[in-house]
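Participant: These protein sequence lines map, in sequence, to chains A and B.
With the first letter of the first sequence counted as 1, position 10 gets the number 10 in the working numbering; the numbers rise by one all the way through.
With the first letter of the second sequence counted as 1, position 81 gets the number 196 in the working numbering; the numbers rise by one all the way through.
One structure coming up, written as structure tokens, with questions to follow.
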Amino acid sequence: EAGVVQSPRYKIIEKKQPVAFWCNPISGHNTLYWYLQNLGQGPELLIRYENEEAVDDSQLPKDRFSAERLKGVDSTLKIQPAELGDSAVYLCASSPSDRGQETQYFGPGTRLLVL
Amino acid sequence: RKEVEQDPGPFNVPEGATVAFNCTYSNSASQSFFWYRQDCRKEPKLLMSVYSSGNEDGRFTAQLNRASQYISLLIRDSKLSDSATYLCVVRNNFNKFYFGSGTKLNVKP
Numbered sequence: 001e002a003g004v005v006q007s008p009r010y011k012i013i014e015k016k017q018p019v020a021f022w023c024n025p026i027s028g029h030n031t032l033y034w035y036l037q038n039l040g041q042g043p044e045l046l047i048r049y050e051n052e053e054a055v056d057d058s059q060l061p062k063d064r065f066s067a068e069r070l071k072g073v074d075s076t077l078k079i080q081p082a083e084l085g086d087s088a089v090y091l092c093a094s095s096p097s098d099r100g101q102e103t104q105y106f107g108p109g110t111r112l113l114v115l
Numbered sequence: 116r117k118e119v120e121q122d123p124g125p126f127n128v129p130e131g132a133t134v135a136f137n138c139t140y141s142n143s144a145s146q147s148f149f150w151y152r153q154d155c156r157k158e159p160k161l162l163m164s165v166y167s168s169g170n171e172d173g174r175f176t177a178q179l180n181r182a183s184q185y186i187s188l189l190i191r192d193s194k195l196s197d198s199a200t201y202l203c204v205v206r207n208n209f210n211k212f213y214f215g216s217g218t219k220l221n222v223k224p
């Protein structure tokens with residue numbers, strides 16, 4: 001079974017530029033999460049989708065971050081414009097349901113460096 | 116106050132040693148508890164869920180103490196391959212997951 005796929009794996013951009021990350025969850029997984037992980041910290045939730053609905057986006061900085069999961073399958077996270085402090089690893093995870101008991105399966109992440 | 120707190124370590128132990136990590140959580144209404152393992156520059160992977168009655172998986176034992184709001188992970192007979200960061204994860208009563216900052220374990224030959 002294929003795991004969570006993310007692209008790109010690495011991205012280097014200059015500040016004020018836009019950037020987008022893509023995630024394809026495990027087939028059949030209804031719940032999709034985007035996390036941000038800074039060095040030496042645990043992942044922090046940005047947004048959680050149940051199918052195509054964003055059920056928790058309270059931690060998403062909506063002035064510059066946006067996300068979509070139009071068909072309830074793959075998802076895109078965008079930052080515009082990027083700031084130096086956005087340098088981090090962006091992790092996507094999926095789970096079979098929103099019951100919360102299920103394991104979250106993480107993708108390899110996108111490592112973003114903003115110069 | 117953070118939702119989940121862990122000692123960052125590192126814990127440096129010799130092969131074969133027994134090592135234990137604790138993690139405290141702030142929300143008494145938290146519903147589910149997990150330990151994830153994260154290798155350097157890799158994604159987190161579920162190590163084990165933590166049940167109220169405690170649970171064991173080979174050399175790994177997890178315990179939950181709801182009264183004191185902490186969970187623990189015990190690793191017996193440490194292997195070099197156990198070297199990693201161990202993340203404590205708590206799901207609250209609103210289905211939101213909180214990750215601790217992780218405890219780093221180094222197992223030395």
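Just so you know, even glycine gets a beta-carbon here, dropped at the ideal spot from N, CA and C.
#1: Helix, strand or coil: which one does DSSP assign to aspartate 197/B?
#2: Of the residues Arg64/A, Val73/A, Arg9/A and Leu45/A, which one's Cα is nearest the Cα of serine 58/A?
#3: My assumption, with CB atoms under 8 Å, is that serine 198/B sits in contact with leucine 179/B. Please give the rounded CB distance.
#4: Quick one: using the 10 Å Cβ neighbour count with 16 as the cut-off for buried, is isoleucine 12/A buried or exposed?
#5: Which value, in whole angstroms, describes the spacing of the CA atoms of valine 55/A and valine 205/B?
#6: Cβ closer than 8 Å: which chain B residues qualify as neighbours of phenylalanine 106/A?
#7: May I ask which residues mark the beginning and end of the beta strand (DSSP E) holding glutamine 121/B?
#8: Taking just the CA atoms, how far does valine 165/B sit from glutamate 118/B?
#9: Could you say which of Glu68/A, Leu84/A, Pro25/A and Gln17/A lies nearest to glutamine 104/A if we only look at CA atoms?
#10: Going by DSSP in three states, leucine 84/A sits in which element: helix, strand or coil?
#11: Near asparagine 208/B, which residues of its chain fall below 6 Å by C-beta distance, leaving aside the five closest residues on each side in sequence?
#12: Could you tell me which of Val5/A, Ala82/A, Gly72/A and Ser7/A sits nearest to asparagine 51/A, measuring between CA atoms?
#13: Under 8 Å between C-beta atoms, does proline 43/A make it to chain B?
#14: Contact check, lysine 61/B vs glutamate 130/B under 8 Å by CB: the rounded distance?
#15: Three or more C-beta pairs under 8 Å: does that hold for the stretch 18-36 of chain A against the stretch 66-84 of chain A?
#16: Name, please, each residue of chain B whose Cβ falls closer than 7 Å to the Cβ of glycine 109/A.
#17: Which residues of chain A have a Cβ atom closer than 9 Å to the Cβ of serine 216/B, listed in chain order?
Facilitator: Working from what's here:
#1: Translated into positions along the second sequence, residue 197/B becomes position 82. Secondary structure of aspartate 197/B (DSSP, three-state): helix.
#2: Indexing the first sequence from 1 puts residue 58/A at position 58. Nearest option by C-alpha distance: Leu45/A.
#3: For the purposes of this step, residue 198/B is taken as residue 83 along the second sequence, with counting starting at 1. For the purposes of this step, residue 179/B is taken as residue 64 along the second sequence, with counting starting at 1. About 25 Å; that fails the 8 Å criterion.
#4: Position 12 of the first sequence, counted from the first residue, corresponds to residue 12/A. By the 10 Å Cβ count, isoleucine 12/A comes out exposed.
#5: Numbered from 1 along the first sequence, position 55 holds the residue referred to as residue 55/A. Numbered from 1 along the second sequence, position 90 holds the residue referred to as residue 205/B. Taking the straight line joining both Cα atoms gives about 18 Å.
#6: Residue 106/A sits at position 106 when you count from the first residue of the first sequence. The answer, in chain order, is Glu158, Pro159 and Lys160.
#7: What you label residue 121/B is simply residue 6 of the second sequence in a count that begins at 1. It spans 119-121 - the beta strand (DSSP E) in which glutamine 121/B sits, taken as one unbroken run.
#8: On the second sequence, position 3 is the one that residue 118/B refers to. On the second sequence, position 50 is the one that residue 165/B refers to. For the pair glutamate 118/B and valine 165/B, the Cα-to-Cα distance works out to about 17 Å.
#9: Taking the first sequence and counting its residues from 1, the one referred to as residue 104/A is at position 104. Cα-wise, what sits closest to glutamine 104/A is Pro25/A.
#10: Here the question's residue 84/A lines up with position 84 in the first sequence. Leucine 84/A falls in the helix class under three-state DSSP.
#11: Taking the first residue of the second sequence as 1, we reach residue 208/B at position 93. Short of 6 Å from the beta carbon of asparagine 208/B, and not among the five residues preceding or following it, lie these beta carbons of its own chain, in chain order: Ala144 and Gln146.
#12: Here the question's residue 51/A lines up with position 51 in the first sequence. Comparing Cα positions, the closest option is Gly72/A.
#13: Reading the first sequence from its first residue, position 43 is the one you call residue 43/A. Yes, because at least one Cβ of chain B sits closer than 8 Å to the Cβ of proline 43/A.
#14: Summary: the structure shown does not reach residue 61/B, with chain B confined to residues 116 through 224, and so no result is reported for it.
#15: At 8 Å Cβ cutoff, the stretches touch.
#16: If you number the first sequence from 1, residue 109/A lands on position 109. In chain order: Glu158.
#17: Along the second sequence, one-based indexing puts residue 216/B at 101. What serine 216/B touches in chain A, judged by beta-carbon distance under 9 Å, is Gly40, Gln41 and Gly42, going in chain order.
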